[in-house]
Amino acid sequence: MIKAILLTLLVLIAAIGLWFWSKTDPQKLDLVDRIAPGATEYQGKASVGIAYGPDERQKLDVYIPTEVADKPYPVLLFFHGGAWRDGERDGYGFLGRAFAARGIVTVVADYRKTPKVRFPAFVEDTAAAIAWVQTNIGTYRGDAGRIYLMGHSAGAHIAMMAALDPQWLAAQKLDSTSIKGVIGLAGPYDFLPLTTDSSKIALGHWPDLKETQPIHYARADAPPLLLLTGDIDTVVKPRNSKALEARMAELGGQSKLKIYPKVDHADIIMAIARPFRSKAPVLADSVAFIKGE
81 MIKAILLTLL
91 VLIAAIGLWF
101 WSKTDPQKLD
111 LVDRIAPGAT
121 EYQGKASVGI
131 AYGPDERQKL
141 DVYIPTEVAD
151 KPYPVLLFFH
161 GGAWRDGERD
171 GYGFLGRAFA
181 ARGIVTVVAD
191 YRKTPKVRFP
201 AFVEDTAAAI
211 AWVQTNIGTY
221 RGDAGRIYLM
231 GHSAGAHIAM
241 MAALDPQWLA
251 AQKLDSTSIK
261 GVIGLAGPYD
271 FLPLTTDSSK
281 IALGHWPDLK
291 ETQPIHYARA
301 DAPPLLLLTG
311 DIDTVVKPRN
321 SKALEARMAE
331 LGGQSKLKIY
341 PKVDHADIIM
351 AIARPFRSKA
361 PVLADSVAFI
371 KGE
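All letters in the sequence shown, in the order written, are residues 81 to 373 by my numbering.
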């Protein structure tokens, strides 16, 4: 009997292990955030799978703060990373809950990816998601006049492109005054020549590669930028954030650069989840930027 029970437990543990490791890294992080010791921060329930366009990938989730407020909340629109080819909004509940618990309506959006599409399709999706938020976020108690963008890695690239290059929002009958600020987490902003297969597939077909680089569109009247990166990031090197910050300063734009010590490419997004916030004050710095503290 004891052997049978132990065997059953071992099989169960193995099954749970296989299930856990079958999940994407963000899904694992989301699960760990949910079960971490301590009080649950967010008591609400997200509105999920909302379409902002006709494609299956053009969907988003909305996390609304649960506390009572006498005015609409600021809004954060987040785009995940994944080298323009990987990643899903599913799994970023830890981010939605973290910001919503701090009084920020948080929208987590998917977008079309390679190899199905290439540049500029994912930037067009970014602008379309911004337009959806601008039009609809009041229904979710968000302030359409206080929309902030955030992206990690490739998500930072497309968020920055949509904010800096006026043509993408113009196609949605908007302009960059619709954006109050942009938070870039380890974003690629100045990465020519293209050296990775993923960047070549996503961007390499474009006739003028400078037009795929956010730094090319830096300007004095751009929305304020908060550029966060880690000093040991070897995937998207800190020089990207340094270069964009320097260019914005040269032009008279508003930007702030923070380089976290001993933080790599994955750490900077992990630091938003409850068990890993000691890695870097990414959440606190981002909230302060959004709330003007």
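Note that the Cβ used here is the ideal one computed from N, Cα and C, for glycine as well.
All values reported here derive from a predicted model rather than from experimental measurement.
Identity of the residues DSSP links to residue i by a beta bridge
| i | result |
| --- | --- |
| Phe159 | Ala189, Gly231 |
| Asp141 | Val188 |
| Gly222 | Tyr153 |
| Ser127 | Val142 |
| Val262 | Leu229, Leu305 |
| Gly310 | Tyr340 |
Supposed close pair residue i, residue j - CB separation, criterion 8 Å
| i | j | result |
| --- | --- | --- |
| Gly235 | Phe159 | 3 Å |
| Gly222 | Val155 | 4 Å |
| Leu306 | Leu324 | Not quite, the Cβ-Cβ distance comes to about 11 Å (not below 8 Å), so this is no contact. |
| Asp190 | Leu157 | In fact, because the Cβ distance is near 12 Å, the residues do not count as touching under 8 Å. |
| Ala242 | Thr206 | 4 Å |
| Pro304 | Gly332 | Contact flag wrong, Cβ pair sits at about 12 Å. |
Where the beta strand (DSSP E) through residue i begins and ends
| i | result |
| --- | --- |
| Leu337 | 335-340 |
The alpha helix (DSSP H) enclosing residue i, as first and last residue numbers
| i | result |
| --- | --- |
| Thr215 | 201-216 |
| Ile348 | 347-350 |
| Lys290 | Premise fails: Lys290 is in no alpha helix (DSSP H) and is neither H nor E. |
| Ala376 | This structure does not reach residue 376, given that the chain is present from 81 up to 373, and the question cannot be answered. |
| Gln247 | 246-250 |
Status (buried if at least 16 other CB within 10 Å, exposed otherwise) for residue i
| i | result |
| --- | --- |
| Arg114 | exposed |
| Ala149 | exposed |
| Ser358 | exposed |
| Trp101 | Low per-residue confidence applies at Trp101: pLDDT is 42, beneath 50, and the placement is therefore not dependable, though the value from the model is reported in the following sentence. So Trp101 counts as exposed. |
| Pro200 | buried |
| Ala351 | buried |
| Gln123 | exposed |
| Ala94 | Residue confidence for Ala94 is low, a pLDDT of 45 falling below 50, so the modelled location carries little weight; the figure read from the coordinates is stated next. Burial call: exposed. |
| Thr120 | exposed |
| Ile349 | buried |
| Ala346 | buried |
| Lys196 | exposed |
Coarse secondary structure for residue i, derived from DSSP in three states
| i | result |
| --- | --- |
| Pro355 | helix |
| Gly284 | coil |
| Phe369 | helix |
| Ser102 | Note that Ser102 scores a pLDDT of 47, beneath 50, so its modelled location is shaky; the value from the coordinates is reported in the next line. Looking at Ser102 - three-state DSSP - the assignment turns out to be coil, as it is neither helix nor strand. |
| Gly171 | coil |
| Ala329 | helix |
| Ala360 | coil |
| Val112 | helix |
| Gly133 | coil |
| Gly118 | coil |
| Ala239 | helix |
| Arg50 | The requested residue 50 is not part of the displayed model; the chain covers only 81 to 373. |
| Asp270 | coil |
| Lys253 | coil |
| Arg182 | coil |
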